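Enquirer: One structure, pasted below without further comment.
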Amino acid sequence: MAAKIVTYEELKAHSSKDSVYLLLHEKVYDVTKFIDEHPGGDEVILAETGRDATEAFEDVGHSDEARALLADMLVGEFEKNSELKTKKAPQSSASHSTAVNSAVQQGSNLMYFVPLAMLVAYFAWRFYSNGSV
Ligand code: HEM
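Counting from 1, position 115 in the sequence shown corresponds to residue 115 in full-length UniProt numbering; the numbering is continuous, with no gaps.
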């Protein structure tokens, strides 16, 4: 079964206490029933409707128990090319460049290591060949 795709229009349409959708990590959750039970109160959740709530949710450092509650509230995936860009895109490109940087870093480590190893091998060879003659 294909996951339901939720558009930005739909996300915005569920921004009142009668029906509340939250966008977290590119997925949309129906938190209408949960909002009254939320230990952090309803205002904080209502303040995050119609936009990417990921940062606010993660800033609090929610427990694994809190995350486990999300599974039952899932509506579907947030539309990728929706008007609202989620926070993830720039982050993933940043982590890509970090990966490239670390590859370059590794390359330059090797550039030092190879001549050094050759130098060590040369002195070892000289030491042993002198000793045997
Ligand atoms: C559907 C999404 C959410 C769920 C399932 C959820 C669940 C929970 C749970 C179970 C706790 C108790 C502590 C813990 O277990 O971590 C908690 C605390 C809290 N939550 Fe959420 N939360 C959600 C969204 C949000 C959002 C969007 C905010 C916005 C800032 C928020 C703000 C807080 C705060 C401030 C507390 C601390 C309350 C206190 O300790 O006094 N939560 N949440």
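Cβ coordinates follow ideal geometry from the N, Cα and C atoms, glycine included.
What you are looking at is a predicted structure, and each value in this text was computed from that prediction instead of being measured.
1) What residue range does the alpha helix (DSSP H) around residue 46 cover?
2) Pull the bridge partners of residue 27 from the DSSP assignment, please.
3) The alpha helix (DSSP H) with residue 55 in it runs from where to where?
4) Can you tell me the Cα-Cα spacing of residue 5 and residue 39, whole angstroms?
5) Identify whether residue 214 lies in helix, strand or coil by the three-state DSSP scheme.
6) Considering residue 83, what are the terminal residues of the alpha helix (DSSP H) in which it resides?
Expert: The structure says:
1) 42 to 46
2) 24 and 77
3) Bounds of the alpha helix (DSSP H) holding residue 55 are 54 to 60.
4) 29 Å
5) With the chain covering only 1 through 133, there is no way to say anything about residue 214.
6) Under the DSSP assignment, residue 83 falls outside any alpha helix (DSSP H); it carries neither an H nor an E label.
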